[in-house]
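Peer 1:
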Amino acid sequence: MDWSVVFKILDFYKIPLFYRNFIYCYLLDRKVVFKEETPEIERDCHKGCPQGSALTPNMWNIYVNRVLQLNSDVLQAFADDLALVITGSVRKELELIQMKHQSLFI
Numbered sequence: 001m002d003w004s005v006v007f008k009i010l011d012f013y014k015i016p017l018f019y020r021n022f023i024y025c026y027l028l029d030r031k032v033v034f035k036e037e038t039p040e041i042e043r044d045c046h047k048g049c050p051q052g053s054a055l056t057p058n059m060w061n062i063y064v065n066r067v068l069q070l071n072s073d074v075l076q077a078f079a080d081d082l083a084l085v086i087t088g089s090v091r092k093e094l095e096l097i098q099m100k101h102q103s104l105f106i
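For the sequence shown, the UniProt record's numbering assigns the number 1 to the initial residue and increments by one for each residue that follows.
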């Protein structure tokens, strides 16, 4: 989930500024921490869907709503996963079909 896209979608649906600011603050200063090695690795996080919040399923639904409305025969969705399922006889055909449908996810 690209957060810049989330805010464009919230603007599109004319979500009041109060709620957009709340979501912005909720996502602000998020970090990803990998703790398996002795020096733990920490990185800023600007994408993804935070887990474990009552807000998260609603954010995800708003985010994927446009894609799901397309009712495409190449798109499969379950819970918080989306899959582009295509077939082709050769690699070039698969690449062309994939590029055609890639805009669904951007």
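In this text, a Cβ means the ideal position worked out from N, Cα and C, and glycines have one as well.
Going by C-alpha to C-alpha distance, which of ASN61, LEU75, THR56, VAL33 sits closest to CYS45?
Peer 2: Among ASN61, LEU75, THR56, VAL33, the Cα nearest to that of CYS45 belongs to VAL33.
Peer 1: How about ARG30 and PRO50: are their beta carbons less than 8 Å apart?
Peer 2: Yes. Within cutoff.
Peer 1: In angstroms with no decimal places, state the Cα-to-Cα distance between TYR26 and VAL5.
Peer 2: Each residue's alpha carbon lies about 16 Å from the other.
Peer 1: Exposed or buried, which one is GLU99 when buried takes at least 16 other CB atoms within 10 Å?
Peer 2: In the sequence under discussion, the amino acid at residue 99 is Met, which differs from the Glu named in the question. It is exposed - the Cβ of MET99 has fewer than 16 other Cβ atoms within 10 Å.
Peer 1: If I measure Cβ to Cβ from MET1 and keep anything under 8 Å in the same chain, skipping five residues before and after, which residues do I get?
Peer 2: Excluding residues within five positions, the ones whose Cβ falls inside 8 Å are LYS47, GLY48, CYS49, MET59, TRP60, TYR63.
Peer 1: Do VAL67 and LEU84 have their C-beta atoms within less than 8 Å of each other?
Peer 2: Result no, Cβ atoms of VAL67 and LEU84 do not sit closer than 8 Å.
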